[in-house]
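Here is the structure we will look at, set down as structure tokens.
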Amino acid sequence: MTFSADDHRYMALALQLAERGLYTADPNPRVGCVLVRNGEIVGAGWHKAAGLPHAEVNALHEAGEQARGATAYVTLEPCNHHGRTPPCTEALLAAGVSEVVAAVVDPFPANAGCGLERLQAAGVRVRTGLMADAARTLNIGFIQRFERGRPWVRVKLAASLDGFTAGADGQSKWITGPAARQDVQHWRARASAVLTGIETVLADDPQMNVRLGAGETETVRQPLRVIADSRGRLPATARLLDCPGPVLVASQAAPPWDRPGVEWWPVPAAGERLDLVQLIEGLAERGVNELHVEAGPTLSGALMAGGLVDELLVYQSPVLIGRGRPLLALPGMEKFADRLHLELIERRSFGPDWRDRYRVIGAGDVR
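One gets our numbering by counting positions in the sequence shown from 1 and adding 2 to each.
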């Protein structure tokens, strides 16, 4: 299909609106909608949170009667099923919209093209594919969850210039400065869940919650905190248990204690550790779109070696440690020929530190 410069301009605005749900829409996709009639924008909306009106409904509410005969630019195919809210297709038809331009088809099985088919059957012109790459990237985890049955797995690492994540004495606070650490909070905030291992909990007693700075966009939710704890060693006094939001403990052991907000989740073993494939796929079944991993070299390395990582966030500080804990422990990689290849997709500086984002080559391509 061919699209004009105006088409691109309106869809770009819809994508900007969708980004406003970056921290809040989960587990739903981030969606924006712009209504245009006779070359004028008459309505715009975005989806804020599950259970609240979808982007199309918010845009229609703003447009009122001016929606009749308008073109709707929407970043994801309108839904055609009853979920927490009624179908957006029916709202668009009732408002008299004449055309819908959708960036991408919804991968959710209950929709997956049905919304566009319903609109076409009712005489609405439909076009798809406009700025599809940007729309897919915005919902990279949501799309992967339905296309591949697993969340988008993003591993965060922080290291010295010589590649150590902690000194020989085990100390790691702080390798990077405040600006880099605050950037990490934004990646946590957009994630459905944050995963760490029991060794990290026992060594550092982290909170693993989202702590955005004053004046920044507030989140309406804390991501699910997941602890990989095969032997049930998580202490009932861990700081992360006192933070708001749910905690999921993946373990082979019987729950040693019980408290509100904490679920012990049986995950089978694969050798001496939890079956990480079942862990990742099980999180997808629980509605996790993006999984943010902050763990030690053993768990992070096992995920990487198992082909379960899609993206790396590597923060590096201009300091030398000399000897200490490595960035990753990668079992089974004994030869140079076994090396894993990465694609640098972004580089940013935060004060004296910098952050590289790498795409793991060979990971599922949902861009």
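Backbone N, C-alpha and C fix where the C-beta goes; we use that ideal spot for every residue, glycine too.
The segment 138–151 makes contact with the segment 279–299: 3 or more CB pairs, one atom from each, lie closer than 8 Å. A buried status is given to A195, since no fewer than 16 other beta-carbon atoms sit within 10 Å of its beta-carbon.
Taking 9 Å as the cut-off, the Cβ atoms of P153 and A286 count as close. Here DSSP, grouped into helix, strand and coil, assigns S253 to strand.
If you compare the alpha carbons of V76, T139, R183 and G303 with that of V128, the shortest gap goes to V76.
Going by C-alpha positions, C116 is about 40 Å away from S253. Between L78 and P31, the beta carbon gap of about 6 Å places them in contact (Cβ cut-off 8 Å). DSSP, reduced to helix, strand and coil, places S302 within a helical segment of the structure shown. Contact between A191 and V157 does not hold, since their C-beta atoms are separated by about 17 Å, which reaches or exceeds 8 Å. Assignment of beta-bridge partners to H294 by DSSP yields R156 and V196. By the neighbour-count definition (other C-beta atoms within 10 Å, threshold 16), A256 is an exposed residue. Under the three-state reduction of DSSP output, F144 falls in the helix class. Pairing R327 with A160 gives a Cβ-Cβ distance that is not under 9 Å. Scanning I177, V155 and R150 for the CA closest to the CA of I323 turns up I177.
A check of alpha carbon separations from R349 across E336, R341, L314 and G199 identifies L314 as the nearest.
Within the segment 79–121, the alpha helix (DSSP H) runs of at least 4 residues that lie entirely inside it are, in chain order, 90–97. For D8, the closest C-alpha among the options V36, A20 and L54 is that of V36.
Between S100 and V59, the C-beta spacing is not below 9 Å. Across the structure, S232 and A271 are spaced so that their CA atoms are roughly 8 Å apart. The Cβ atoms of T91 and L121 sit closer than 9 Å to each other. Ranking D28, F352, W356 and R275 by CA distance to the CA of P333 puts R275 first. Between A182 and the set P354, F5, Y360 and R361, the nearest pair of CA atoms involves P354. In the DSSP assignment, E313 falls within the beta strand (DSSP E) that extends over E313 to S319.
By the C-beta density criterion, A93 is buried, having at least 16 other C-beta atoms within 10 angstroms. Boundaries of the beta strand (DSSP E) around A168: F166 to G169. For S351, DSSP records a beta bridge to W356. For P111, the number of other beta carbons within 10 angstroms of its own is below 16, and it is reported as exposed.
Separation of the CB atoms of L305 and V295 is rounded to 7 Å, and the pair is thereby assigned contact status at 8 Å. Residue nearest to A51 within the set E64, L24, G41 and A136 is L24 (criterion: CA-CA distance).
Between the C-alpha atoms of V249 and E67 there is a straight-line separation of about 46 Å. Straight through space, the alpha carbons of A193 and P225 are spaced by roughly 6 Å. Listed in chain order, the beta strand (DSSP E) elements of length 3 or more contained wholly in the segment 10–59 are 34–39 and 42–48.
By the neighbour-count definition (other C-beta atoms within 10 Å, threshold 16), G45 is a buried residue. Beyond the five residues adjoining it in sequence on each side, H63 comes within less than 8 Å, by CB distance, of G45, G47 and P55 in the same chain, given in chain order.
By the neighbour-count criterion, in which 16 or more other beta carbons inside 10 Å mark a residue as buried, I347 falls on the exposed side. Under the three-state reduction of DSSP, E274 is assigned to coil, being neither helix nor strand.
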